[in-house]
Structure formats: C-alpha cells, structure tokens
Amino acid sequence: MSFFENTLKNIAEAAKIMKLDAKVEVVLQHPKRVLEVSIPVERDNGQVEVVQGFRVQHNDAAGPYKGGVRFHEDVNMDEVKALATLMTLKCAVVNLPLGGAKGGIAIDPVAYSPKELEQITRRYVRLIEPFIGPETDVPAPDVNTDAQVMAWIADEYSKLKEKNMWGVVTGKPVSFGGSVGRDDATSQGGMFILDELMRSFGKEAKNTRVVIQGFGNAGANMANILYLNGYNIIAVSDSKGGLYCEHGLDPLATMKCKVKSGSVADCGGEEFQPKAGDSCKRVSNEELLRLDCDVLVLAALENQITEKNANEVQAKIIFELANGPTTIEADEILAKRNIIVIPDILANAGGVTVSYFEMVQNKQNYYWDSQEVADKLKKVMVAAWENVAKNREKYACTYRQAAFITALYRLSDILTLRGLS
Ligand code: GLU
C-alpha cells in the first residue's frame, strides 16, 4: 500500500468509527490541486540538468494552505499527496485557521553546492508563484530544508511581487521576519504532548528511557529538549547508524561530535559522553528500532515501522515526530501488542503551530519574545492533547484514530458550513 493510500485508509477508519458524513470524507480523499514542475539547474561544472518539484494543495477550507517543502531524492507525487493530506488533518487537530499542503524537490541536497541549491529554490518559487502567497499557500521547512532556504523563498517571492512579502513562507531566520522558537518548535511541542502522556501514567521523566531515530532538526532538538527536562536518552541514530549508551547519553556532546565525525554512531568515546566508563556501543538502524525502552521517538522518514519489524519493537510507546513513520499494517500489530502510538498529526504539530504564530507576527509586524511563544505553544498543544484523549476514551480507539476523529469533526463542521468548498 502506498503512503497516500495508507493515509486515506486511516481517514476511512476514523470516518467509520465516528460516522462521518460520506460527502465530507470523499472531499478529503482528493487533494484540491497538484502541481509538478521541472526545474532546470546549471551545475557548477557548467552542465545542465532538470529536477522535479512538487506542490500539493490538499484542502483550504479552514484557511490558507500550509505545509513544508522537503529536499530528498525519494520525493514523489504519492508521498507529497500523503503529506499534504496529513497537514490538513494536523492543522485541524491543533485547531489552527489553516489548511494543508506540502511540497518537495526530488534531489539529494548533499550532492549540490549552496549556490546550486539557491538556484533550484528560486526557480521552484518562480514556477509555483501563481499558486502561493500569504493568504493562499504558505510553505515552510521540512526534511533537509532550513531557515536559509526559507529566506531564499521569501526573497524570490518578494522580488517577483516587487514588494516585501515575507509572509509567503514561515521558518524564516529570526533576523528576517522569522519567529523565535520556530527552529525547535516541533520538538518543544512534542515534549508538551509526551509530558501529558507520561503524567497520565504517573511516570517521571527521569525514569523514562528514550530512544530517538533520526538526528536532523526534529530528532536532535527532541533529544536535547527531553534531556534538559530530565528524560534519559539511551540511544540516537542518523542515516549512517546508531549509538546506544545503557546509562544515557548527552545529546549536545553527541551533536558536537557528529559535526566533526559525520555520524552519531562514532560518538561513543568517553570524551563525548557524560559518564566515564559507560558502555556506549554502535547499533545498526534496524537494531535501534528493537531496543528495549519506554519511548521510541521516530524522527526520520515515513515507513519505518512496518509489518516486517512491528513485532520486534520493544518500546512501550512510539512517538511519531516524523510524518507517517508507522504503516497501517504495523499499527494493527502494535495495537494488539498494547504498544501506544502517539500519531504524527498530534505529536509533531508544534512546528506548524509556531509557523502559524510566525504568520500572525508577520501580519502585525510586531514580534513576540520566546516566553510568549512557548506559553502560547503549550496552550495549543495541551488543548489538542485533551481533545484527542477525550475522543480516545469516548470511542475506545487508538490515539491515531482519536486524533483523526478530532481533526475530522472540525473539518466536517467547516466543510459543511462552507458547502464542501
Ligand atoms: N514541515 C512541518 C510539518 O510537517 C511544518 C509545516 C509548517 O510549518 O507549515 O508539520
């Protein structure tokens, strides 16, 4: 089953449980607009190649389309459709006045120089320019894109419109219309949700052993934020391998080492880890997913826990900081094994929530301090948690089904009021 089919099946399951109006369901099964663009790039060696770019606008009944743009060699239309659909649902779970979209460019960013990446980004903006804007569709960072890429998008769009229109994109540098707290918002929001869940079990952070798959923006920030809040991070990984420290590791030291060595897998030496003599060892990416722990945070890519490895997961809780890391077949196996899955559309909604705050600040041209951002983020995340937890009890279902139900109630209300627009 493809990622998009998987997403539609999750909608269908939730729709059945809550008896969603079939008219609303069928509308949400189809993205409103899909764009595929061919982007010429002149390589530094003078050769020209053409790369594919995508933007899928799933639904804007609740507000302007909203969602990131990723750079990854595996980007394809099915994936971007799935991710755009998840964005509509995600914005609805946290009750933002935003719709859902996603974009991507099918490149391995490491293979391109910064100059080439800037050229690709600016050409992509020129190709999708008629369809984006602060009131229509607002891109943001995602896998392998950062504040610099967002600055190029804001600048190119502003040049095309011949005026400053920073609000076309979020996740910008703070010095150029960005919001403080946007860079680690996904992880910060994730921690608020995890705290609520652990509180519901009466379990303290210091007794919670966490394994994190993925050490990019979301994974590395999550490791650090959880560590600073007392959680015990026992393993992390990146695409090259994992590092397991039985008594816990220091994410900042690991990050410093990764910058030098290229992978967290090489960071087990005593000079990097807090407890001298501790038994840190390398683990493969597959082994990492099977480690005995309380919480397994998935912060890499989609399709990581599947029917092939779901039976071997030893975590008590799976926390989806990435989008779509657990397949529907895996979900069934995990539910039978009483493993709790906190779904992406709730777990990682902190990112888009602070993106929304950035849009609000851009409109006001008045900027908040980090305390204000953090307080407002916590309020949104805790309210979403409470709604999802209530629906989970009411329908005696999984957290994923409850999060989808929470989102679908809101979307159903808006779509019905607007006449399925
Ligand atoms: N790419 C992030 C996500 O998947 C953030 C999207 C946004 O801020 O618009 O939620």
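Here the sequence shown stands for residues 49 to 469, where the numbers follow this note's numbering.
Where is the CB? At the ideal position from N, CA and C, for every residue including glycine.
Computed from a prediction, not measured in an experiment: that's the story for all the values here.
For the putative contact between Gly-316 and Lys-306, defined by C-beta atoms under 8 Å, what is the C-beta separation to the nearest angstrom? Here residue 316 corresponds to residue number 268 of the sequence shown, with the count starting at 1. Here residue 306 corresponds to residue number 258 of the sequence shown, with the count starting at 1. With a Cβ gap of about 12 Å, Gly-316 and Lys-306 do not count as contacting.
Would you say the beta carbon of Ser-227 comes nearer than 8 Å to a heavy atom of the ligand GLU? Counting from 1 along the sequence shown, the entry for residue 227 is found at position 179. Because no heavy atom of the ligand GLU lies under 8 Å away, the Cβ of Ser-227 does not count as near it: no.
As an exercise, report each continuous alpha helix (DSSP H) stretch of at least 4 residues that is fully enclosed by the segment 136-223, in chain order. You should have 162-176, 195-209.
6 Å Cβ shell around Ala-233 - same chain, five flanking residues per side excluded: Residue numbering aside, residue 233 sits at position 185 when the sequence shown is read from its first letter. Hits under 6 Å: Gly-398, Gly-399, Val-402.
At the level of alpha carbons, what is the spacing between Arg-170 and Pro-162? Indexing the sequence shown from 1 puts residue 170 at position 122. Indexing the sequence shown from 1 puts residue 162 at position 114. Their Cα atoms are separated by approximately 12 Å.
Kindly indicate the opening and closing residues of the beta strand (DSSP E) around Gly-101. Position 53 of the sequence shown, counting from 1, holds the residue named residue 101. Start and end: 96-107.
Taking only heavy atoms of the ligand GLU into account, decide whether any of them is closer than 8 Å to the Cβ of Pro-187. If you number the sequence shown from 1, residue 187 lands on position 139. For Pro-187, the Cβ falls inside the 8 Å cut-off from some heavy atom of the ligand GLU.
Touch check for the segment 453-467 and the segment 426-440: three-plus C-beta pairs under 8 Å? Short answer: they touch.
At the level of alpha carbons, what is the spacing between Asp-529 and Ala-422? Any question about residue 529 goes unanswered here, given that the chain covers just 49 to 469.
Please name the residue or residues paired with Gly-116 in a DSSP beta bridge. The residue you call residue 116 lines up with position 68 of the sequence shown. Ala-188.
With Ile-65 and Tyr-447 assumed to form a contact (beta carbons below 8 Å), what rounded beta-carbon distance in angstroms separates them? By 1-based counting over the sequence shown, the position of residue 65 is 17. By 1-based counting over the sequence shown, the position of residue 447 is 399. Going by Cβ atoms, the distance from Ile-65 to Tyr-447 rounds to 13 Å, so no, they are not a contact pair.
Contact test: Ala-154 Cβ vs the ligand GLU heavy atom, cutoff 8 Å: As a position in the sequence shown, residue 154 is number 106, starting the count at 1. Not under cutoff, so the answer is no.
Can you find a heavy atom of the ligand ZN that lies under 8 Å from the Cβ of Met-429? In terms of ligand content, the structure shown lacks the ligand ZN and carries the ligand GLU instead.
Leaving out five residues on either side along the sequence, give the residues of the same chain with a beta carbon under 7 Å from the beta carbon of Val-430. Working through the sequence shown from its first residue, we reach residue 430 at position 382. Closer than 7 Å at Cβ, skipping near neighbours: Phe-240, Glu-244.
Of the choices Ala-154, Val-72, Asn-54, Glu-97, whose alpha-carbon is the least far from that of Arg-103? On the sequence shown, position 55 is the one that residue 103 refers to. Closest by alpha carbon: Ala-154.
Three-state secondary structure assigned by DSSP to Pro-88: To locate residue 88, count along the sequence shown from 1; it is residue 40. Pro-88 falls in the strand class under three-state DSSP.
Indicate, with yes or no, if the ligand GLU has a heavy atom lying under 8 Å from the CB of Met-213. Residue numbering aside, residue 213 sits at position 165 when the sequence shown is read from its first letter. The answer is no for Met-213.
Quick one, are the C-beta atoms of Ser-489 and Gln-409 less than 9 Å apart? Lying outside 49 to 469, the shown extent of the chain, residue 489 is not represented and no answer is given.
Just reading off the beta strand (DSSP E) that Gln-236 is part of, what are its end residues? For the purposes of this step, residue 236 is taken as the residue at position 188 of the sequence shown. First-last for Gln-236: 233-249, but that is the alpha helix (DSSP H), not the beta strand (DSSP E).
Could you check whether the Cβ of Thr-218 sits closer than 8 Å to any heavy atom belonging to the ligand GLU? Within the sequence shown, numbered from 1, the residue matching residue 218 stands at position 170. Yes - the ligand GLU has a heavy atom lying nearer than 8 Å to the Cβ of Thr-218.
Below 8 Å on the Cβ atoms is my guess for Leu-337 versus Asn-359; work out the distance and round it to an integer in Å. Taking the sequence shown and counting its residues from 1, the one referred to as residue 337 is at position 289. Taking the sequence shown and counting its residues from 1, the one referred to as residue 359 is at position 311. Wrong, their Cβ atoms sit about 11 Å apart, outside the cutoff.
Taking 9 Å as the threshold (C-beta atoms), are Gly-215 and Pro-182 in contact? Stepping through the sequence shown from its first residue, residue 182 is reached at position 134. Stepping through the sequence shown from its first residue, residue 215 is reached at position 167. Their beta carbons are under 9 Å apart, which means Pro-182 touches Gly-215 by this criterion.
Does at least one heavy atom of the ligand GLU sit under 8 Å from the Cβ of Ser-285? Numbered from 1 along the sequence shown, position 237 holds the residue referred to as residue 285. Every heavy atom of the ligand GLU is 8 Å or more from the Cβ of Ser-285, so no.
Could you work out which residue in Ala-253, Glu-368, Glu-377 is closest to Leu-394 when comparing CA atoms only? The count along the sequence shown starts at 1 and reaches residue 394 at position 346. With distances taken between Cα atoms, Leu-394 lies closest to Glu-368.
For the alpha helix (DSSP H) that Ser-285 lies in, which residues bound it at each end? Against the sequence shown, residue 285 aligns to sequence position 237. Per DSSP, Ser-285 belongs to no alpha helix (DSSP H); it is in the beta strand (DSSP E), 280-286.
Member of Lys-129, Ile-87, Asp-69 whose CA lies at the smallest distance from the CA of Ser-50: As a working note, residue 50 is residue 2 in the sequence shown. The shortest C-alpha to C-alpha distance from Ser-50 to any of Lys-129, Ile-87, Asp-69 is the one to Lys-129.
With the cut-off set at 9 Å, would you say Gly-101 and Glu-127 are in Cβ contact? In the sequence shown, counting from the first residue as 1, residue 101 sits at position 53. In the sequence shown, counting from the first residue as 1, residue 127 sits at position 79. No, these two residues do not count as a Cβ contact at 9 Å.
Between Val-284, Ile-376, Asn-124, Lys-207, which lies nearest to Ile-59 when the distance is taken from Cα to Cα? Within the sequence shown, residue 59 is the residue found at index 11, counting from 1. It is Ile-376.
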